[in-house]
Amino acid sequence: MTYTIQVNGVKRTVDAGGDTPLLWILRDELDLKGSKFGCGAGLCGACTVHLNGAATRSCLTPLASVGTSPVTTIEAMAVHPVGRKLQEAWMQLDVPQCGYCQAGQIMTATALLTQTPHPTDSDIDAAMSGNVCRCCTYTRIRAAIKKAALMHTAEAR
Amino acid sequence: MTMTMHTATAHSGARHAAAAPSRRAVLKVSAVAGGGLLLHAILPPVARAAVAGPSEAQRRGAALNTFIRIAPDGIVTIMSKNPEIGQGIKTTLPMVIAEELDVGWNHVRVEQAPVDQAKFGRQFAGGSMATPLNYDPLRRVGAAGRQMLVAAAAKEWNVAPSDCHTKNGVVFHTGSRRSLGYGALAAPAAAQPVPDLATVELKDPKDFKIIGQPIPGVDNPKIVAGQKLFGIDVTVPGMLYAVFQKCPVFGGTVAQANVDALKKLPGVHDAFIVRPGDVYRNGNAQGVAGGVAIVAKSWWAAAKARNQLQVTWDEGPTAAQSSTGFAQGALRLSQQEPQSWLRRDGDVANALQGAAQVVEAAYSYPFLSHIDLEPQNCTAHVHNGKAELWAPTQLPEPGAQLVAATLGVPRSAVTVHMTRVGGGFGRRLRNDFMAEAAWLSQQVGAPVKLLWNRQDDVQHDFYRPAGFHFFKAGLDRSGNLVAFRDHFVTFGRNGKPADSAMMDANEFPALLVPHLEYGQSMMPLGVPTGPMRAPRSNALGFVFQSFIDELAHQGGTDPVAFRLALLGKPQVLVNSSGTPNALRDFNTARMHDVLVRVAEMSDWPQRGALPPRTGKGVAFYFSHLGYFAEVVQATVAPSGEVKLDHVWIAADIGSQIINPSGAMNQAQGAALDGLGAALGQAITIDRGRVVQANFDTVKPLRMMQAPPVEVEFLTTPHPPTGLGEPALPPVIPALCNAIFAATGKRIRTLPIDTETLKA
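The listed protein sequences derive, respectively, from chains A and B.
Under my numbering, the residues of the first sequence are numbered 3 to 159, in order.
Under my numbering, the residues of the second sequence are numbered 4 to 762, in order.
Okay, structure coming up:
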């Protein structure tokens with residue numbers, strides 16, 4: 003069956019079962035490999051994308067449920083006003099170790115800062131604790147989120 | 004506050020004076036510690052051979068040696084020889100070459116080298132060995148390149164090379180205003196003879212401009228943009244996707260399965276019963292299970308078809324094994340004489356009789372899975388008697404050899420591309436997934452990407468082995484340790500411990516206690532085991548540094564003071580091989596200094612002022628050539644829940660931190676990794692299979708649990724060593740000792756059971 007979904011601002015038509023998780027549509031049908039497979043159960047956050055702007059686990063999101071909701075992935079963060087600041091902060095603070103989880107971390111952090119431009123430590127804990135970093139770069143993830151928040155403020159002035 | 008980095012200056016000045024080790028010393032160390040990687044082994048081949056033709060040279064640049072290419076615009080491409088698993092090596096080692104080449108880092112591009120050990124020396128990620136093995140040789144590789152550029156400029160100007168100097172990618176004639184950039188010099192430099200690496204001139208470390216700078220990872224821009232980097236991201240035209248359901252019982256095989264029905268399911272291309280003996284022809288496949296592999300048009304189609312699998316397993320003998328059975332077996336063995344002795348010093352029985360106090364305790368730790376976040380995967384294309392693989396592996400050359408054996412082709416027919424690796428932790432020192440992907444590609448005659456799911460990954464690992472220690476120690480009237488006994492019950496067969504299930508005869512406090520004995524007994528095991536980040540040490544650190552803490556408290560001695568007394572006078576304890584080796588021998592003075600420093604950093608003497616149910620614990624450990632002392636502060640809630648407040652780390656890994664940013668990240672990450680394992684991870688065996696399946700039951704540390712981690716590297720006149728592992732072992736006992744300080748309850752079994760810590 004064919005489905006048309008909107009990914010990073012572009013309508014894409016795919017021929018796949020409606021129960022196929024969005025993650026595999028993105029990765030294997032649309033060749034957007036930035037969203038990662040980690041657990042297949044919504045436990046690690048490596049597959050996080052935005053659905054209608056909300057951080058969503060694409061490994062648990064059936065294709066048929068996406069409908070007309072816009073899907074945004076890490077590949078579009080360079081042109082996202084908050085996402086690109088997080089990417090910049092991530093690079094400045096040298097956050098990654100293996101790097102496998104970082105796309106999902108940035109997607110969750112983007113949703114956080116979009117909602118809460120100046121998060122407290124507990125805001126960060128609450129938003130980010132669904133994203134596993136197996137290398138445990140948490141100290142730097144936290145610092146990078148705060149740095150991006152300051153960059154955002156500086157730009158807004 | 005939490006990300007500071009200092010150089011120790013105030014204490015023990017003589018030992019910490021920064022000084023480069025002599026070349027002789029480093030070479031000797033490299034030869035002994037390095038498993039045979041000698042300088043001549045990485046002497047670059049003749050530079051001219053590396054470039055295909057003038058247009059290729061124009062585009063990619065002229066090759067000065069195997070590692071260095073310089074384009075006409077001065078952009079320098081440096082080959083990164085080892086797999087990048089998150090340890091930062093793709094940045095660190097090229098930094099070392101760039102430093103001695105004397106080029107600005109902004110002119111450097113890094114490329115992953117092909118797997119070719121004849122050209123690059125040993126290529127692997129393991130044992131925290133990349134720095135000790137490569138630091139000196141790769142400095143020489145860079146210096147040789149610089150010397151060739153200088154020679155080319157000198158020839159051009161008809162002056163002596165000694166009248167030339169370099170700076171930031173430019174050769175200058177010292178006596179005139181003439182200068183030439185590396186880009187212009189690259190082609191003539193490539194025609195210069197390759198200098199003798201052993202005699203090239205190296206920089207004085209005080210002149211370093213790149214080494215010692217916090218340089219971000221070279222792949223960061225791609226990582227944050229979600230670009231394709233990892234094994235799982237590989238796509239090959241015409242590629243099929245595979246899943247592999249293994250028998251849940253280790254060593255089990257398929258009795259029968261509905262493969263014909265599976266083949267008819269939507270999107271399915273083929274299905275196979277896989278026998279371990281067909282696939283792992285030269286690897287250590289003991290305990291690896293057989294199963295059913297499904298190859299389909301998409302991974303999801305294969306995964307869906309897997310739900311329709313009907314299989315009868317032949318579970319084999321391991322189905323009789325369980326974690327509870329191991330614990331009972333260990334207890335039985337502990338009541339007997341050890342099967343063998345690792346060492347017996349003095350007369351322990353007699354010393355225990357004469358002791359003022361005798362302390363006994365039984366410790367144990369569970370199996371652990373590596374839980375790499377990128378599940379095991381490999382893409383293979385086998386065709387016309389050749390194989391091409393894209394593999395996230397820590398050991399690419401042995402992987403290629405395993406694949407050659409699996410396919411029955413010569414090693415020369417196998418090409419392995421190293422992808423970035425989404426977590427190693429030792430799991431990817433085994434290449435079972437490479438053999439499986441290659442075998443499946445051969446069967447279907449098309450490229451195949453094999454991708455395990457999380458449950459496969461958790462349930463078919465090579466686990467950190469569980470272990471059991473039965474301690475007995477004696478203190479004299481002053482609380483000094485006079486007798487020490489450990490009966491280590493581990494796994495193995497015919498007197499040979501299972502992989503990573505052994506203990507060193509020199510395990511601390513051996514050689515420092517007059518009456519000391521380490522006995523060992525073994526139980527048979529069908530569960531595959533293997534190295535995990537800081538193998539052996541990640542468990543032994545917990546048991547020994549926790550029991551030593553018990554002894555300190557029992558004797559009424561401050562745990563730091565007790566350890567300092569045990570370390571005693573400055574001395575070097577020769578490693579258990581009996582052959583002195585400056586890196587492997589245990590230098591009590593180096594440990595003394597990091598312990599003293601971490602006590603200062605953490606305000607150890609003031610810990611009495613902490614609130615109720617908050618405590619600090621200390622531990623140290625020497626592993627992977629690094630000296631680490633760590634303090635953890637933890638608060639135990641009335642519910643028993645453990646909150647991690649703060650971690651302090653003092654470390655000595657020698658004279659030079661190559662990349663302070665990467666180093667800090669490694670030390671912090673390793674400490675948090677250890678804390679996560681101690682709090683939330685165990686692999687339980689029941690009827691020969693793993694009980695846990697995903698991150699809800701094997702719990703990695705999460706953001707809300709992660710405390711600040713302060714790290715300080717002491718600068719000492721010893722060769723630089725590695726950092727992927729040695730920060731991990733001491734953090735677990737430091738936490739357990741903090742919990743004791745907070746609650747009076749001693750953690751003797753991992754993971755920490757918060758039920759036992761309720762107020």
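For every residue, glycine included, the Cβ atom is placed at its ideal position computed from N, Cα and C.
Please read these numbers as outputs of a predicted model, since none were measured by experiment.
Going along chain C in order, which residues have a C-beta closer than 7 angstroms to the C-beta of residue i?
| i | result |
| --- | --- |
| Ser131 (chain A) | Looking at the structure shown, chain C is missing, and the protein chains on hand are A and B. |
Among the options, which has the Cα closest to the Cα of residue i?
| i | options | result |
| --- | --- | --- |
| Ala190 (chain B) | B:Arg278, B:Asn68, B:Lys572, B:Val516 | B:Asn68 |
| Ser67 (chain A) | A:Thr75, A:Asn54, A:Met79 | A:Asn54 |
| His791 (chain B) | B:Arg112, B:Gln115, B:Ser131, B:Pro97 | Here chain B covers residues 4 to 762 and nothing more, so residue 791 (chain B) does not appear. |
| Lys231 (chain B) | A:Val73, A:Arg59, A:Gly19, A:Tyr102 | A:Tyr102 |
| Phe253 (chain B) | B:Asp273, B:Phe247, B:Gly293, B:Val227 | B:Gly293 |
| Thr155 (chain A) | A:Leu95, A:Thr139, A:Ile143, A:Pro121 | A:Pro121 |
| Met242 (chain B) | B:Val385, B:Thr202, B:Pro450 | B:Pro450 |
| Pro527 (chain B) | B:Ala513, B:Ser540, B:Glu102, B:Ala504 | B:Ala504 |
| Val16 (chain A) | A:His52, A:Gly69, A:Leu45, A:Pro83 | A:Gly69 |
| Ala666 (chain B) | B:Arg433, B:Glu728, B:Thr719 | B:Glu728 |
| Lys267 (chain B) | B:Val277, B:Val291, B:Ala304 | B:Ala304 |
| Ala744 (chain B) | B:Pro614, B:Trp160, B:Lys206 | B:Pro614 |
| Ile235 (chain B) | B:Val734, B:Asn483, B:His595, B:Ala394 | B:Ala394 |
| Ala408 (chain B) | B:Gly280, B:Ile750, B:Lys300, B:Leu376 | B:Gly280 |
Is the Cβ of residue i closer than 7 angstroms to any Cβ of chain B?
| i | result |
| --- | --- |
| Val134 (chain A) | yes |
| Ala105 (chain A) | yes |
| Tyr140 (chain A) | yes |
| Thr22 (chain A) | yes |
| Lys1 (chain A) | Given that chain A is displayed from residue 3 to residue 159, the structure contains no residue 1 (chain A) and the question cannot be resolved. |
| Met3 (chain A) | no |
| Leu1 (chain A) | Residue 1 (chain A) lies beyond the stretch modelled for chain A, which goes from 3 to 159, so this question has no answer here. |
| Cys100 (chain A) | yes |
| Cys137 (chain A) | yes |
| Met153 (chain A) | no |
| Asp125 (chain A) | no |
| Met109 (chain A) | no |
Measure from the C-beta of residue i to each C-beta in chain A and report whether the shortest distance is under 7 angstroms.
| i | result |
| --- | --- |
| Gly294 (chain B) | no |
| Asn697 (chain B) | yes |
| Pro733 (chain B) | no |
| Trp303 (chain B) | yes |
| Pro219 (chain B) | yes |
| Asp561 (chain B) | no |
| Gly425 (chain B) | yes |
| Gln684 (chain B) | no |
| Gln671 (chain B) | yes |
| Lys231 (chain B) | yes |
Taking DSSP as the reference, what is the three-state secondary structure of residue i?
| i | result |
| --- | --- |
| Lys148 (chain A) | helix |
| Asp17 (chain A) | strand |
| Glu102 (chain B) | helix |
| Lys499 (chain B) | strand |
| Asp756 (chain B) | coil |
| Cys41 (chain A) | coil |
| Tyr138 (chain B) | helix |
| Met3 (chain A) | coil |
| Ala438 (chain B) | helix |
| Val32 (chain B) | In this prediction, Val32 (chain B) scores a pLDDT of 28, lower than 50, which makes its location untrustworthy; no coordinate-derived value is stated. |
| Tyr624 (chain B) | strand |
| His463 (chain B) | coil |
| Ile686 (chain B) | strand |
| Pro86 (chain B) | coil |
Measuring from the CB of residue i, is there a heavy atom of the ligand ATP at a distance below 6 angstroms?
| i | result |
| --- | --- |
| Thr58 (chain A) | Absent from the structure shown: the ligand ATP. Ligands present: none. |
contact_flag[the segment 74-90 of chain B, the segment 421-438 of chain B] where n(CB pairs < 8 angstroms) is 3 or more:
yes
Please determine if the segment 474-483 of chain B and the segment 362-373 of chain B are in contact, where contact requires at least 3 C-beta pairs separated by less than 8 angstroms.
yes
Short of 8 angstroms Cβ to Cβ, which residues in the segment 70-81 of chain A face chain B?
Thr75, Ile76, Glu77, Met79, Ala80
Residues in the segment 428-449 of chain B having any Cβ partner in chain A nearer than 9 angstroms:
Phe428
Where the segment 47-61 of chain A meets chain B: residues whose CB sits under 9 angstroms from a CB there:
Ala48
Taking beta-carbon pairs under 9 angstroms, can you tell me which members of the segment 58-92 of chain B lie near chain A?
For the segment 58-92 of chain B, which is checked against every Cβ of chain A, the residues closer than 9 angstroms are Glu87, Ile88, Gly89, Gln90, Gly91.
Using a Cβ-Cβ cut-off of less than 8 angstroms, give me the residues of the segment 649-668 of chain B that come near chain A, in sequence order.
Ser664, Gly665, Asn668
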